[in-house]
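The opening residue of the sequence shown carries number 4 in our numbering; numbering runs sequentially from there.
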Amino acid sequence: MTKRVAVIGAGIGGLVAIKECLAAGLEPVCFESESYVGGLWHENENEELTRNTPMYKNLVINISRDILPFSDFPCPADWPTYLTRSYVSKYLDSYADHFNVRQHIHFNHRVNRVTQNPITKRWTVRHVAVKKDGRTPHGEEIEETFDWVLVCTGHFQQPHVPVFEGVEKFKGMAIHVANYSDPEPFKGKKVLVVGPGTSGCDIAVQLSQVAEVYLSARSGTWLAPRLDPLNRPIDLAINRIIWSFPMWLQDWYAANFLLPRPPGHLNPSHKFSAKWVPVASSVFYERVATGQILTTPEILRFADNGRDIEFVDGTIVPDVDFVLYATGYGFRFEFIDPEVFTDGRVTAQDEFDGMRLKKNWWLWQGIIPPKYEGIAFIGLLEILLQVRYIASLIAGRTLHPLPTPAEMDRQIVEFRKTIPRTHLVNYHPAFVNYFDWLAREAAGAAPDAWAVVREHGMGTLMKVLTGPITPVQWRLVGRDKWDGAKEVLEDVCQRFQGGILDAQVTRRMTKK
4 MTKRVAVIGA
14 GIGGLVAIKE
24 CLAAGLEPVC
34 FESESYVGGL
44 WHENENEELT
54 RNTPMYKNLV
64 INISRDILPF
74 SDFPCPADWP
84 TYLTRSYVSK
94 YLDSYADHFN
104 VRQHIHFNHR
114 VNRVTQNPIT
124 KRWTVRHVAV
134 KKDGRTPHGE
144 EIEETFDWVL
154 VCTGHFQQPH
164 VPVFEGVEKF
174 KGMAIHVANY
184 SDPEPFKGKK
194 VLVVGPGTSG
204 CDIAVQLSQV
214 AEVYLSARSG
224 TWLAPRLDPL
234 NRPIDLAINR
244 IIWSFPMWLQ
254 DWYAANFLLP
264 RPPGHLNPSH
274 KFSAKWVPVA
284 SSVFYERVAT
294 GQILTTPEIL
304 RFADNGRDIE
314 FVDGTIVPDV
324 DFVLYATGYG
334 FRFEFIDPEV
344 FTDGRVTAQD
354 EFDGMRLKKN
364 WWLWQGIIPP
374 KYEGIAFIGL
384 LEILLQVRYI
394 ASLIAGRTLH
404 PLPTPAEMDR
414 QIVEFRKTIP
424 RTHLVNYHPA
434 FVNYFDWLAR
444 EAAGAAPDAW
454 AVVREHGMGT
464 LMKVLTGPIT
474 PVQWRLVGRD
484 KWDGAKEVLE
494 DVCQRFQGGI
504 LDAQVTRRMT
514 KK
């Protein structure tokens with residue numbers, strides 16, 4: 004009997020989940036509370052009324068278009084190197100149409116509750132039709148049973164706002180960047196942006212055109228510019244050879260050849276590998292260098308007069324009008340008991356804290372809760388290969404079966420011990436090794452040396468080892484290999500070596 008799979012959310016993860024489930028011979032049923040695909044990337048006409056979204060006007064993604072796409076559906080050749088939100092939305096719509104996934108989506112259907120039958124181990128999904136606002140119920144609640152549930156709702160649900168001494172006395176306006184749209188309302192004002200992450204740096208640049216801007220950092224941080232010194236996308240500069248270097252050598256390479264030293268109070272004392280590295284545009288460095296963005300250390304307190312803000316080094320910024328918290332997001336899964344996600348470390352009886360939920364996940368390989376068979380959380384560590392692995396697992400086609408719950412727990416404990424020592428510490432394992440494992444288990448699709456040589460020859464293997472690490476590498480071999488993978492790989496390598504931006508401009512100028 005064909006296994007039924009509930010897919011919650013029709014964003015990036017949900018779209019891939021539907022497509023991969025179909026390819027594995029499963030029956031996916033997707034529930035999407037909105038009337039469109041793409042999740043946060045879709046430009047919603049009602050967004051300005053609701054806000055509370057990580058998206059804002061003129062947002063540009065922080066990964067290049069060769070790293071972004073699904074491994075068997077490359078972006079059009081004449082698209083920009085870094086895409087705006089509208090391009091990403093267009094790409095997701097094209098993907099949905101190309102693979103005919105819309106017919107498997109119940110649009111304007113909100114999932115109210117997901118529970119497991121303790122005897123059959125199958126999952127009950129209660130959902131209801133909603134109006135176009137995505138929230139207001141419109142009809143009776145429906146109950147359906149599934150063999151598996153894939154949670155693909157992302158992890159930008161709950162804005163995190165830190166608490167500082169005296170903040171309740173502040174007479175200006177303090178908001179999370181989830182409520183930020185564009186710089187116009189801040190014109191002529193004094194604005195403090197808290198948090199030097201990708202969004203914090205990007206919004207500080209936007210605001211610096213119209214306002215006096217300060218950027219507060221709790222600690223220094225490395226920042227990755229979008230382009231390397233040769234004007235190539237910096238996320239294409241790491242290859243498998245470099246990734247195989249010892250960590251100390253990767254740190255040395257990044258600090259001396261790859262990344263500029265961040266300015267002012269952003270100057271880090273830690274090594275490159277010790278923390279997640281946000282992305283900042285070259286304009287950000289210019290604005291800091293010209294004093295249009297002033298950096299400060301962490302906030303100590305908000306002054307009694309309600310306008311001044313004091314920092315841990317004793318400096319004070321007077322008469323602040325706005326504080327924008329670019330301090331990240333916690334998790335929120337309203338339709339399922341948090342005990343499932345955290346193995347009881349957070350329960351439904353606890354006062355909700357999205358960051359606490361985020362820090363206490365307990366998932367084998369960042370996907371499966373050991374004690375709850377038949378549910379997977381997609382996107383905590385990765386999306387595309389996680390979905391391919393889960394679809395193969397449900398279909399009984401993985402290289403190995405699931406470990407026992409006890410063994411899963413043991414592996415999670417071991418993984419958490421390595422978090423302070425791993426390159427991508429915000430819950431990311433060493434990504435190449437992790438991606439290879441997922442691909443190998445799912446479909447024998449890891450680009451291992453002999454498999455690549457046997458399928459495509461030594462020249463392709465050299466491109467895999469020395470070229471950019473792009474998603475198409477995991478479509479070269481294996482059960483679900485893609486015939487166009489080799490051509491895309493060669494194109495990426497050629498453009499990267501020859502100057503990707505120049506090649507792209509030439510394409511546009513000569514296009515008929």
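Cβ atoms here follow ideal geometry from the backbone N, Cα and C, with glycine treated the same way.
**Message:** Here's the rule: buried if 16 or more other CB atoms are within 10 angstroms of the residue's CB, otherwise exposed. What is PHE248?
**Reply:** Indexing the sequence shown from 1 puts residue 248 at position 245. When all chains shown are included, PHE248 counts as exposed.
**Prompt:** To which residues does DSSP link TYR217 through a beta bridge?
**Reply:** Here the question's residue 217 lines up with position 214 in the sequence shown. Answer is LEU195, LEU297.
**Prompt:** With DSSP run on the structure shown, which of helix, strand or coil describes HIS130?
**Reply:** For this step, residue 130 is matched to residue 127 along the sequence shown. DSSP places HIS130 in strand when its eight states are reduced to three.
**Item:** Where HIS426 falls, given that 16 or more other Cβ within 10 Å makes a residue buried
**Value:** Indexing the sequence shown from 1 puts residue 426 at position 423. With a pLDDT of 40 at HIS426, under the threshold of 50, the modelled position of that residue is not reliable, and no figure is offered here.
**Message:** Let's test the definition: count the other Cβ atoms within 10 Å of the Cβ of THR299 and tell me whether it reaches 16, buried, or not, exposed.
**Reply:** Reading the sequence shown from its first residue, position 296 is the one you call residue 299. Buried, since its Cβ has 16 or more Cβ neighbours within 10 Å.
**Request:** Spatial neighbours of PRO31 within its chain, please: CB distance less than 7 angstroms, with the 5 preceding and 5 following residues excluded, ordered by chain position.
**Result:** Here residue 31 is taken as the residue at index 28 of the sequence shown, counted from 1. So the qualifying residues of the chain are VAL8, VAL10, ALA20, ILE21, CYS24, LEU25, HIS107.
**Request:** Following the continuous alpha helix (DSSP H) through VAL435, name the residue where it begins and the one where it ends.
**Result:** Taking the first residue of the sequence shown as position 1, residue 435 is located at position 432. Taken as a continuous stretch (DSSP letters only), the alpha helix (DSSP H) holding VAL435 covers 434 to 446.
**Prompt:** Taking one C-beta from the segment 298 to 315 and one from the segment 250 to 268 each time, how about it: are there three or more such pairs within less than 8 angstroms?
**Reply:** yes
**Message:** Less than 6 angstroms between C-beta atoms, sequence neighbours within five positions excluded: which residues of the same chain meet that for LEU411?
**Reply:** By one-based count along the sequence shown, residue 411 stands at place 408. In the sequence as presented, Leu is not what sits at residue 411; that position holds Met. So the qualifying residues of the chain are TRP367, PRO373.
**Prompt:** If you check the beta carbons only, do HIS112 and GLU168 fall under 8 angstroms apart?
**Reply:** If you number the sequence shown from 1, residue 112 lands on position 109. If you number the sequence shown from 1, residue 168 lands on position 165. Against a cut-off of 8 angstroms, the Cβ pair of GLU168 and HIS112 comes out as no contact.
**Message:** Under 8 angstroms, with one C-beta from each stretch per pair, do the segment 244 to 262 and the segment 182 to 190 reach the 3-pair mark?
**Reply:** no
**Prompt:** For VAL286, which residues of its own chain have a beta-carbon under 8 angstroms away from its beta-carbon, when the five flanking residues on both sides are left out?
**Reply:** As a first step, residue 286 must be located in the sequence shown, where it is residue number 283. VAL208, listed in sequence order.
**CA-to-CA distance, LEU29 to ARG105, given in whole angstroms** = As a first step, residue 105 must be located in the sequence shown, where it is residue number 102. As a first step, residue 29 must be located in the sequence shown, where it is residue number 26. Distance between the alpha carbons of ARG105 and LEU29 is about 16 angstroms.
**Message:** Helix, strand or coil for GLN160? Go by DSSP, reduced to three states.
**Reply:** As a first step, residue 160 must be located in the sequence shown, where it is residue number 157. It is coil, neither helix nor strand.
**Request:** Within the same chain, show all residues whose beta-carbon is closer than 6 angstroms to that of ALA177, passing over the 5 residues directly before and after it, in chain order.
**Result:** By 1-based counting over the sequence shown, the position of residue 177 is 174. Result list for ALA177: VAL326, in chain order.
**Prompt:** Which runs of the beta strand (DSSP E) fall wholly inside the segment 202 to 271 and span at least 3 residues, in chain order?
**Reply:** 215 to 219
**Prompt:** How many Å lie between GLU342 and LEU464 at the Cα?
**Reply:** Here residue 342 refers to the residue found at position 339 when the sequence shown is read from its first residue. Here residue 464 refers to the residue found at position 461 when the sequence shown is read from its first residue. The alpha-carbon atoms of GLU342 and LEU464 are separated by roughly 45 angstroms.
**Prompt:** Which residue from PRO188, ARG221, ALA454, LEU226 puts its Cα closest to that of VAL213?
**Reply:** Stepping through the sequence shown from its first residue, residue 213 is reached at position 210. Looking at the Cα atoms, PRO188 is the closest of the given residues.
**Request:** Following the continuous alpha helix (DSSP H) through ILE517, name the residue where it begins and the one where it ends.
**Result:** The requested residue 517 is not part of the displayed model; the chain covers only 4 to 515.
**Message:** If you follow the beta strand (DSSP E) that VAL3 is in, where does it begin and where does it stop?
**Reply:** Nothing in the structure corresponds to residue 3, since the chain is present only between 4 and 515.
**Prompt:** Which term fits ASN65, buried or exposed, when burial requires 16 or more other beta carbons within 10 angstroms of its beta carbon?
**Reply:** Sequence index remark: in the sequence shown, residue 65 carries index 62 (1-based). Buried is the call here.
**Prompt:** Going by beta carbon distance, what residues of the same chain come within less than 7 angstroms of ILE339, once the five residues before and after it are set aside?
**Reply:** Start at 1 with the first residue of the sequence shown, and residue 339 comes out as number 336. Correct list, in chain order: VAL117.
**Prompt:** Does the separation of the CB atoms of GLN161 and GLY382 fall below 8 angstroms?
**Reply:** The residue given as residue 161 occupies position 158 in the sequence shown. The residue given as residue 382 occupies position 379 in the sequence shown. No, the pair does not count as a contact, with Cβ atoms beyond the cut-off.
**Message:** Between LEU388 and the ligand HEM, is there a pair consisting of the residue's CB and a ligand heavy atom that are separated by less than 7 angstroms?
**Reply:** The ligand HEM is not part of this structure, which contains no ligands at all.
**Prompt:** Does the beta-carbon distance from TRP225 to ILE378 come in below 8 angstroms?
**Reply:** Translated into the one-based positions of the sequence shown, residue 225 becomes position 222. Translated into the one-based positions of the sequence shown, residue 378 becomes position 375. Result no, Cβ atoms of TRP225 and ILE378 do not sit closer than 8 angstroms.
**Classification of LEU388 by the beta-carbon crowding that lies within 10 angstroms, buried from 16 upward** = The sequence position of residue 388 within the sequence shown is 385, counting from 1. LEU388 is buried by the Cβ-count criterion.
**Request:** Pull up the DSSP beta-bridge partners for PHE305, would you.
**Result:** In the sequence shown, counting from the first residue as 1, residue 305 sits at position 302. In the DSSP output, where bridge partners are listed per residue, PHE305 has ILE312.
**Prompt:** With DSSP run on the structure shown, which of helix, strand or coil describes TRP325?
**Reply:** Against the sequence shown, residue 325 aligns to sequence position 322. It should be pointed out that residue 325 corresponds to Phe in this sequence rather than to Trp. It is a strand residue.
**Item:** Through-space distance from CYS78 to PRO40, alpha-carbon basis
**Value:** Here the question's residue 40 lines up with position 37 in the sequence shown. Here the question's residue 78 lines up with position 75 in the sequence shown. The residue you asked about is not Pro; residue 40 is Val in the sequence shown. So the alpha carbons of these two residues sit roughly 17 angstroms apart.
**Item:** Beta-carbon proximity list for LYS190, same chain, < 6 angstroms, skipping 5 on both sides
**Value:** Here residue 190 is taken as the residue at index 187 of the sequence shown, counted from 1. Answer for LYS190: VAL213, listed in chain order.
**Asked** Comparing alpha-carbon positions, which option in ARG400, ASP307, ILE393 lies nearest VAL152?
**Response** The residue given as residue 152 occupies position 149 in the sequence shown. That would be ILE393, whose Cα lies nearest to the Cα of VAL152.
**Prompt:** Going straight from the alpha carbon of GLU493 to that of LYS466, what length do you get?
**Reply:** Residue mapping note: residue 493 aligns to position 490 of the sequence shown, counting from 1. Residue mapping note: residue 466 aligns to position 463 of the sequence shown, counting from 1. Near 7 angstroms, if we compare the C-alpha coordinates of LYS466 and GLU493.
**Message:** If we require 4 or more residues per run, which alpha helix (DSSP H) segments fall completely within the segment 437 to 500?
**Reply:** 452 to 459, 461 to 469
**Prompt:** So is GLN497 buried or exposed if we call it buried at 16+ other beta carbons inside 10 Å?
**Reply:** As a working mapping, residue 497 is identified with position 494 in the sequence shown. The residue is exposed, with fewer than 16 neighbouring Cβ atoms inside 10 Å.
**Prompt:** In angstroms, rounded to a whole number, what distance separates the CA positions of LEU86 and GLY203?
**Reply:** Residue mapping note: residue 86 aligns to position 83 of the sequence shown, counting from 1. Residue mapping note: residue 203 aligns to position 200 of the sequence shown, counting from 1. Their Cα atoms are separated by approximately 18 angstroms.
**Prompt:** Just curious, the beta strand (DSSP E) that ILE378 is in, first and last residue?
**Reply:** In the sequence shown, counting from the first residue as 1, residue 378 sits at position 375. Note, ILE378: beta strand (DSSP E), 378 to 380.
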